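A.B. asks: The structure follows.
2 protein chains.
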Amino acid sequence: MSADVAARRGIPDASVARLPVYLQALTSLAERGITNVSSEELAAAAGVSSAKLRKDLSHLGSYGVRGVGYEVDRLAFEISTALGLTQDWPVAIIGMGNLGRALAAYSGFATRGFNVVAVLDHDESIVGTVVADHAVRPMSDLDTLVREDKLAIGVIATPADSAQDVADRLVAAGVRSILNFAPCVLDVPDDVVVRKVDMSTELQILAFHEQRRSGELDLTDEEVAL
Amino acid sequence: MSADVAARRGIPDASVARLPVYLQALTSLAERGITNVSSEELAAAAGVSSAKLRKDLSHLGSYGVRGVGYEVDRLAFEISTALGLTQDWPVAIIGMGNLGRALAAYSGFATRGFNVVAVLDHDESIVGTVVADHAVRPMSDLDTLVREDKLAIGVIATPADSAQDVADRLVAAGVRSILNFAPCVLDVPDDVVVRKVDMSTELQILAFHEQRRSGELDLTDEEVAL
Numbered sequence: 001m002s003a004d005v006a007a008r009r010g011i012p013d014a015s016v017a018r019l020p021v022y023l024q025a026l027t028s029l030a031e032r033g034i035t036n037v038s039s040e041e042l043a044a045a046a047g048v049s050s051a052k053l054r055k056d057l058s059h060l061g062s063y064g065v066r067g068v069g070y071e072v073d074r075l076a077f078e079i080s081t082a083l084g085l086t087q088d089w090p091v092a093i094i095g096m097g098n099l100g101r102a103l104a105a106y107s108g109f110a111t112r113g114f115n116v117v118a119v120l121d122h123d124e125s126i127v128g129t130v131v132a133d134h135a136v137r138p139m140s141d142l143d144t145l146v147r148e149d150k151l152a153i154g155v156i157a158t159p160a161d162s163a164q165d166v167a168d169r170l171v172a173a174g175v176r177s178i179l180n181f182a183p184c185v186l187d188v189p190d191d192v193v194v195r196k197v198d199m200s201t202e203l204q205i206l207a208f209h210e211q212r213r214s215g216e217l218d219l220t221d222e223e224v225a226l
Numbered sequence: 001m002s003a004d005v006a007a008r009r010g011i012p013d014a015s016v017a018r019l020p021v022y023l024q025a026l027t028s029l030a031e032r033g034i035t036n037v038s039s040e041e042l043a044a045a046a047g048v049s050s051a052k053l054r055k056d057l058s059h060l061g062s063y064g065v066r067g068v069g070y071e072v073d074r075l076a077f078e079i080s081t082a083l084g085l086t087q088d089w090p091v092a093i094i095g096m097g098n099l100g101r102a103l104a105a106y107s108g109f110a111t112r113g114f115n116v117v118a119v120l121d122h123d124e125s126i127v128g129t130v131v132a133d134h135a136v137r138p139m140s141d142l143d144t145l146v147r148e149d150k151l152a153i154g155v156i157a158t159p160a161d162s163a164q165d166v167a168d169r170l171v172a173a174g175v176r177s178i179l180n181f182a183p184c185v186l187d188v189p190d191d192v193v194v195r196k197v198d199m200s201t202e203l204q205i206l207a208f209h210e211q212r213r214s215g216e217l218d219l220t221d222e223e224v225a226l
């Protein structure tokens with residue numbers, strides 16, 4: 001119930017984008033056996049200010065207790081509910097190259113509310129082979145998957161030059177949410193949501209820290225030279 | 001020069017984390033032939049408020065021109081410089097399973113200032129085989145890579161149960177920046193920066209939008225029923 005309410009309330013997109021980051025931080029804390037966390041600690045783990053964290057969580061109706069903070073398990077559940085992760089979302093992965101195979105085998109999806117119902121490829125020599133316990137299906141099965149398996153999200157793991165064609169087929173079959181791993185921009189109707197994964201994003205953040213470190217070293221050298 | 005200045009100034013971590021998102025949005029705009037962008041448009045493409053965008057960019061000394069906005073190419077260059085992407089960062093990928101192979105072949109790294117100098121695996125039957133034009137090297141080559149190739153960033157693409165061991169070896173060899181694709185938490189010294197990639201994060205954001213869509217449909221049904 002509260003999930004629907006949260007979803008229908010307009011949570012700002014920027015807040016929605018941070019919820020998975022909080023959820024990941026909470027999962028890490030839970031893995032370490034930590035049961036309570038202050039907003040300052042959780043904010044630091046997620047890389048945001050504690051004021052922003054509190055504002056984001058207030059959209060879910062979650063408020064920490066002064067001096068106690070948040071219960072890790074409870075907050076993780078509330079965020080999961082708001083994100084719609086307490087139900088299983090049927091997902092199909094398209095493109096059985098190395099990335100598609102890695103995604104099909106990725107254990108993180110199942111534990112986060114995603115059920116890989118099918119893997120597909122347009123290459124007839126791959127169709128029928130088994131990847132991570134799934135027989136690879138042909139692209140022509142998309143309509144059936146949407147109708148019978150309620151396929152909600154298509155994951156594109158093809159090379160860039162096939163991605164638009166795959167997106168068109170997903171849209172034609174009725175899929176309205178696409179996760180694009182191919183390094184290209186997709187052209188889709190306005191009612192289709194596309195998220196593009198750029199695997200170099202995190203490397204770029206690391207590069208910034210490496211550079212700052214080099215900068216600090218250079219500065220020290222200069223100071224020594226003076 | 002300005003890069004060093006920017007890096008030495010304390011740009012807040014949350015702003016640093018958004019710079020790659022702006023850079024990705026700018027790259028998409030440039031690919032579509034767009035040369036100027038308003039702060040509102042760029043903010044919308046990156047999923048933040050325009051006030052936050054302007055604040056983040058002000059840390060770089062970048063200010064849009066009223067009524068004109070930002071030059072796409074110039075702002076992309078300024079962000080790249082601030083992130084340290086105008087030099088090539090030597091990267092090694094460890095673990096040549098499907099994900100490691102996909103990352104080794106990922107074209108997005110090279111165009112974003114990262115040079116994959118080596119791919120490694122602990123499995124002797126894989127060492128010496130060729131992945132994406134690299135001969136797979138043994139883990140014992142890490143010291144040499146740091147000394148001779150100035151290896152700066154290690155990418156862990158192993159299963160979860162090997163990831164800590166690989167991290168320990170990277171740290172022992174002198175690597176201070178680690179990108180972890182394995183679904184586990186790493187224990188490293190304080191001066192080592194670890195970024196964890198959770199491939200389900202973007203799926204979670206899509207799930208939210210799917211749920212909101214379902215919620216809207218349900219709401220309509222209820223209203224019809226009334």
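Protein sequence lines correspond, in order, to chains A and B.
Using UniProt numbering, you'd call the opening residue of the first sequence number 1 and step up by one each time.
Using UniProt numbering, you'd call the opening residue of the second sequence number 1 and step up by one each time.
C-beta atoms are modelled at their ideal positions from N, C-alpha and C, and glycine is treated no differently.
Remember, it's a predicted structure, so these values are computed and weren't measured experimentally.
Between L42/A and L179/B, what straight-line distance do the alpha-carbon atoms span, to the nearest angstrom?
C.D. replies: As a position in the first sequence, residue 42/A is number 42, starting the count at 1. As a position in the second sequence, residue 179/B is number 179, starting the count at 1. The alpha-carbon atoms of L42/A and L179/B are separated by roughly 21 Å.
A.B. asks: Could you tell me how far apart the beta carbons of G39/A and R54/A are, in whole angstroms, since I believe they sit closer than 8 Å?
C.D. replies: Taking the first residue of the first sequence as position 1, residue 39/A is located at position 39. Taking the first residue of the first sequence as position 1, residue 54/A is located at position 54. According to the sequence displayed, residue 39/A carries Ser and not Gly. Contact holds; Cβ gap of about 5 Å.
A.B. asks: Near A105/B, which residues of its chain fall below 7 Å by C-beta distance, leaving aside the five closest residues on each side in sequence?
C.D. replies: Working through the second sequence from its first residue, we reach residue 105/B at position 105. So the list reads A132, once near-sequence residues are dropped.
A.B. asks: Within a Cβ cutoff of 8 Å, which residues of the same chain sit near S15/A, ignoring the five residues on either side of it in sequence?
C.D. replies: Position 15 of the first sequence, counted from the first residue, corresponds to residue 15/A. Closer than 8 Å at Cβ, skipping near neighbours: K55, D56, H59.
A.B. asks: Which of the three DSSP states, helix, strand or coil, is assigned to F208/B?
C.D. replies: Walking along the second sequence from the start, residue 208/B turns up at place 208. Correct three-state label for F208/B: helix.
A.B. asks: Could you check whether V192/A and V171/A sit closer than 8 Å to each other, using their CB atoms as the reference points?
C.D. replies: For the purposes of this step, residue 171/A is taken as residue 171 along the first sequence, with counting starting at 1. For the purposes of this step, residue 192/A is taken as residue 192 along the first sequence, with counting starting at 1. Yes; because the gap between Cβ atoms is below 8 Å, this pair is in contact.
A.B. asks: Could you check where the beta strand (DSSP E) with R74/B kicks off and where it finishes?
C.D. replies: Reading the second sequence from its first residue, position 74 is the one you call residue 74/B. Looking at the DSSP string, R74/B is not in any beta strand (DSSP E); the run it does join, the alpha helix (DSSP H), is 72-83.
A.B. asks: Which residue or residues does DSSP assign as beta-bridge partners of G154/B?
C.D. replies: On the second sequence, residue 154/B is found 154 positions in, with the first residue counted as 1. Answer by DSSP bridge pairing, in chain order: A92/B, I178/B.
A.B. asks: Kindly give me the distance between the Cβ atoms of A163/B and A182/B, rounded to whole angstroms, as I take these residues to be in contact under 8 Å.
C.D. replies: Counting from one through the second sequence, the residue named residue 163/B turns up at place 163. Counting from one through the second sequence, the residue named residue 182/B turns up at place 182. Right, their Cβ atoms sit about 4 Å apart.
A.B. asks: Taking any Cβ of chain A, which residues in the region 60-73 of chain B have a Cβ under 7 Å from it, in chain order?
C.D. replies: Listed by position along the chain: nothing, the set is empty.
A.B. asks: Output the distance between the C-alpha atoms of E202/A and R212/A, rounded to the nearest integer angstrom.
C.D. replies: Translated into the one-based positions of the first sequence, residue 202/A becomes position 202. Translated into the one-based positions of the first sequence, residue 212/A becomes position 212. Spanning the two alpha carbons is a distance of roughly 16 Å.
A.B. asks: Please list the terminal residues of the continuous beta strand (DSSP E) segment that includes A132/A.
C.D. replies: The residue given as residue 132/A occupies position 132 in the first sequence. Run containing A132/A: none; DSSP gives neither H nor E here.
A.B. asks: Using the Cβ count rule (16 or more neighbours within 10 Å means buried), how would you classify V119/B?
C.D. replies: In the second sequence, counting from the first residue as 1, residue 119/B sits at position 119. It counts as buried.
A.B. asks: Quick one: what's got a C-beta closer than 7 Å to L145/A's C-beta in the same chain, skipping five residues either side?
C.D. replies: Taking the first residue of the first sequence as 1, we reach residue 145/A at position 145. Closer than 7 Å at the Cβ level, and outside the excluded window around L145/A, lie A92, V117, A118, L151.
A.B. asks: Is the distance from the Cβ of D13/B to the Cβ of G47/A below 8 Å?
C.D. replies: By 1-based counting over the second sequence, the position of residue 13/B is 13. By 1-based counting over the first sequence, the position of residue 47/A is 47. Cβ atoms of D13/B and G47/A: closer than 8 Å.
A.B. asks: Could you tell me whether the Cβ atoms of G95/A and D121/A are closer together than 8 Å?
C.D. replies: For this step, residue 95/A is matched to residue 95 along the first sequence. For this step, residue 121/A is matched to residue 121 along the first sequence. Cβ atoms of G95/A and D121/A: closer than 8 Å.
A.B. asks: Whose Cβ in chain A lies nearer than 9 Å to the Cβ of S28/B?
C.D. replies: On the second sequence, position 28 is the one that residue 28/B refers to. What S28/B touches in chain A: V185, K196.
A.B. asks: Which two residues bound the contiguous beta strand (DSSP E) that contains F109/B?
C.D. replies: Here residue 109/B corresponds to residue number 109 of the second sequence, with the count starting at 1. Note, F109/B: premise wrong, no beta strand (DSSP E); not H, not E.
A.B. asks: Just confirm the distance between the C-beta atoms of V185/B and S80/A, as a whole number of angstroms; I'd bet it's less than 8 Å.
C.D. replies: On the second sequence, residue 185/B is found 185 positions in, with the first residue counted as 1. On the first sequence, residue 80/A is found 80 positions in, with the first residue counted as 1. That belief does not hold up - the Cβ atoms of V185/B and S80/A are roughly 19 Å apart, past 8 Å.
A.B. asks: Considering only residues of the UniProt DNA-binding region "H-T-H motif" (21-60) of chain A, which uninterrupted beta strand (DSSP E) runs meet the minimum length of 3 residues and lie entirely inside it, listed in chain order?
C.D. replies: If we require 3 residues or more, the UniProt DNA-binding region "H-T-H motif" (21-60) of chain A turns out to have no beta strand (DSSP E) run fully inside it.
A.B. asks: Starting from R195/A and walking both ways along the beta strand (DSSP E), at which residues does that stretch end?
C.D. replies: Position 195 of the first sequence, counting from 1, holds the residue named residue 195/A. Where R195/A is concerned, the enclosing beta strand (DSSP E) stretches over 193-196.
A.B. asks: Can you give me the C-alpha to C-alpha distance between D198/B and D198/A, rounded to a whole angstrom?
C.D. replies: What you label residue 198/B is simply residue 198 of the second sequence in a count that begins at 1. What you label residue 198/A is simply residue 198 of the first sequence in a count that begins at 1. Roughly 12 Å separates the two Cα atoms.
A.B. asks: Just the Cα atoms here: how many angstroms apart are E78/B and S62/B?
C.D. replies: On the second sequence, residue 78/B is found 78 positions in, with the first residue counted as 1. On the second sequence, residue 62/B is found 62 positions in, with the first residue counted as 1. Their backbone Cα atoms lie some 8 Å apart in a straight line.
A.B. asks: Measuring CB to CB, does L103/B end up less than 8 Å from A30/B?
C.D. replies: Within the second sequence, the letter at position 103 stands for residue 103/B. Within the second sequence, the letter at position 30 stands for residue 30/B. In this structure, A30/B does not lie closer than 8 Å to L103/B by Cβ.
A.B. asks: Using a beta-carbon distance below 8 Å, is D13/B in contact with chain A?
C.D. replies: Translated into the one-based positions of the second sequence, residue 13/B becomes position 13. Cβ-Cβ to chain A under 8 Å: yes for D13/B.
A.B. asks: Of all the options N36/A, D161/A, L85/A, which has the alpha carbon lying nearest to the alpha carbon of G64/A?
C.D. replies: Taking the first residue of the first sequence as position 1, residue 64/A is located at position 64. Comparing Cα-Cα distances from G64/A to each of N36/A, D161/A, L85/A, the minimum goes to N36/A.
A.B. asks: Among residues of its own chain, excluding the 5 on either side of W89/B, which ones have a beta-carbon nearer than 8 Å to its beta-carbon?
C.D. replies: In the second sequence, residue 89/B corresponds to position 89, counting from 1. Taken in chain order, the residues that qualify are G113, F114, N115, A152, I153.
A.B. asks: Just to confirm, is the Cβ distance from F109/B to S200/A under 8 Å?
C.D. replies: For this step, residue 109/B is matched to residue 109 along the second sequence. For this step, residue 200/A is matched to residue 200 along the first sequence. Contact flag set, yes.
A.B. asks: If you count every other CB in all the chains shown that lies within 10 Å of the CB of E124/B, and 16 or more means buried, which is it?
C.D. replies: The residue given as residue 124/B occupies position 124 in the second sequence. When all chains shown are included, E124/B counts as exposed.
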